[in-house]
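Below you'll find the structure, written out as structure tokens, and then a few comments.
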Amino acid sequence: FSKPYFDKGKAWNFTALERNIYLNENKDLAWFDELLDTQMEICRGSGVIRLTKDGWKVQHYVLSITIPNPKVEKVVNIKKEIDSLLKQKLNSKTE
Numbered sequence: 001f002s003k004p005y006f007d008k009g010k011a012w013n014f015t016a017l018e019r020n021i022y023l024n025e026n027k028d029l030a031w032f033d034e035l036l037d038t039q040m041e042i043c044r045g046s047g048v049i050r051l052t053k054d055g056w057k058v059q060h061y062v063l064s065i066t067i068p069n070p071k072v073e074k075v076v077n078i079k080k081e082i083d084s085l086l087k088q089k090l091n092s093k094t095e
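Going by this note's numbering, the first residue of the sequence shown is number 1, and it counts up by one from there.
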């Protein structure tokens, strides 16, 4: 998905501040977590990669914006209205 964006130089540029990588016994599956310096300030990434005949391939990746605990209430208030509308829309699909 992202390769064309990176090839055009229009992708993100994250710098790892910290990274932990763990391997299974066969050394063909790895999972990791990382702290990243991004345009959104510090973010946390985590994922799973699998070793294939073509090299390591991402199986799953999550990027999250970190929010210090003292600021959570303010962030929740910022997103409350948008999230409420989205929840209504999603809940109406399951009814």
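We put the CB at the ideal spot given by N, CA and C, even for glycine.
| Item | Value |
| --- | --- |
| Range covered by the alpha helix (DSSP H) that runs through GLN39 | Run containing GLN39: none; DSSP gives neither H nor E here. |
| Neighbourhood of LEU51 by C-beta distance below 6 Å, restricted to the same chain and skipping five residues each side | ASP28 |
| Coil, strand or helix - THR94 by DSSP | helix |
| Span separating the alpha-carbon of LEU35 from that of PRO4 | 25 Å |
| Three CB pairs or more closer than 8 Å across the stretch 38-45 and the stretch 7-16 | yes |
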